[in-house]
Amino acid sequence: MIKLAAALGAILFGIILLPVVQPVCAQERSERISFASGRSSKTVQDSIAGYETVNYRVNVRAGQRLAASLRTDNASNYFNIWAPRVSEAIYNSSTSGELADVIVRSSGDYRIQVYLMRNAARRNETADYSLKVEVTGGDPASGDDAEPQPDYADGFSGGPDFWEVANVPPGDRLNVRSRPTAQAPIIVRLRNGAVLRNLGCRMNGQIRWCKVERRDGGGSGWAAGRFLIESGG
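Each residue of the sequence shown is one higher than the one before, counting from 1 in the UniProt record's numbering.
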């Protein structure tokens, strides 16, 4: 009986001392985006798997335009943009689309975080992607909190007389809405190449919206500026 009790005690002691298995942590790495002399954009090609994330850091000055676009072979592959010293993402491609176009309001390192949605990460899926990052635009304002000074093409007043719809994914159309928000009703949907009259742009949060109308005066509404490029009319 004593030997049996000792054996049971040893077994229980061994169970107690079994190592605790820690949950697998997400693998996170960071890379710096820098531009070649005379260039304002760079495209990086990479891949991620499971819970892996990549943080691309790029230095942007207040008043400049930061654009990012993602092409991927996995529909659950997205990116967020984080401003310096801000606890919430200023852009989320899973809700706002694969093309980000923001006028930044503070200077510093902006972080573009590429990741897989949790459902895909749990299945240890992979994604091969191409991320294009572009920094353009006017003279930086002085001070981190100064108001941006947009250049002609990205300005909220002035700008070109006409826009052309561009960069809409194949098979999709640009939504022109009744108000400058993604929750507003859709007035008309337009294909790439459509030419619209520019009635001025404004920021709503971190998204630039432009009021547009067809050249015949119909279909007036608001469209996301990241899908508009300057047109000759």
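All C-beta atoms, glycine included, are put in the ideal place defined by N, C-alpha and C.
As the structure is a prediction and not an experimental result, all values here were calculated from the model.
Cβ neighbour criterion (16 or more within 10 Å) applied to residue i
i: ILE103; result: buried
i: GLN64; result: buried
i: VAL212; result: buried
i: GLU147; result: Any reading at GLU147 must be qualified, since the residue scores a pLDDT of 40, below 50, and its modelled position is unreliable; no value is offered.
i: GLU134; result: buried
i: SER69; result: buried
i: GLY217; result: exposed
i: SER93; result: buried
i: ARG215; result: exposed
i: ARG61; result: buried
Residues of its chain near residue i, where Cβ-Cβ distance is below 8 Å and the 5 sequence neighbours each way are ignored
i: PHE227; result: LEU99, VAL165, ALA166, ASN167, VAL168, LEU174
Inter-residue Cα distance where the pair is residue i and residue j
i: ARG208; j: SER76; result: 25 Å
i: ALA67; j: ASN204; result: 16 Å
i: PRO170; j: SER37; result: 33 Å
i: GLY200; j: ASN124; result: 45 Å
i: ASP172; j: ARG85; result: 36 Å
i: GLU88; j: SER107; result: 17 Å
i: GLY97; j: ASN119; result: 19 Å
i: ASP101; j: ILE90; result: 11 Å
i: SER30; j: GLY225; result: 29 Å
i: TYR51; j: TYR129; result: 15 Å
i: TYR110; j: ILE33; result: 10 Å
i: ARG39; j: SER178; result: 37 Å
i: GLY193; j: GLU28; result: 40 Å
i: VAL54; j: THR95; result: 19 Å
i: VAL195; j: LYS132; result: 25 Å
i: TYR56; j: ARG105; result: 19 Å
i: ILE229; j: GLN45; result: 25 Å
Neighbourhood of residue i by C-beta distance below 7 Å, restricted to the same chain and skipping five residues each side
i: ALA127; result: SER47, ILE48, THR72, ASP73, ASN74, ASN77, LEU116
i: ALA121; result: GLY50, TYR51
Cut-off 6 Å between Cβ atoms - residues of its own chain near residue i, not counting five sequence neighbours on either side
i: PHE156; result: Because the pLDDT at PHE156 is just 44, under 50, the model does not fix this residue reliably, and the point stays unresolved.
i: PRO180; result: ASN204, TRP209, TRP222
i: ASN80; result: ALA89, ASN92, GLN113
i: ASN59; result: ASP109
i: TRP82; result: ALA89, ARG111
i: ALA182; result: none
Item to check | beta strand (DSSP E) runs wholly inside the stretch 93-133, at least 3 long, in chain order | outcome: 99-103, 108-116
Checklist entry - Does the stretch 181-197 come within contact of the stretch 219-226, defined as at least 3 CB pairs closer than 8 Å? => result yes
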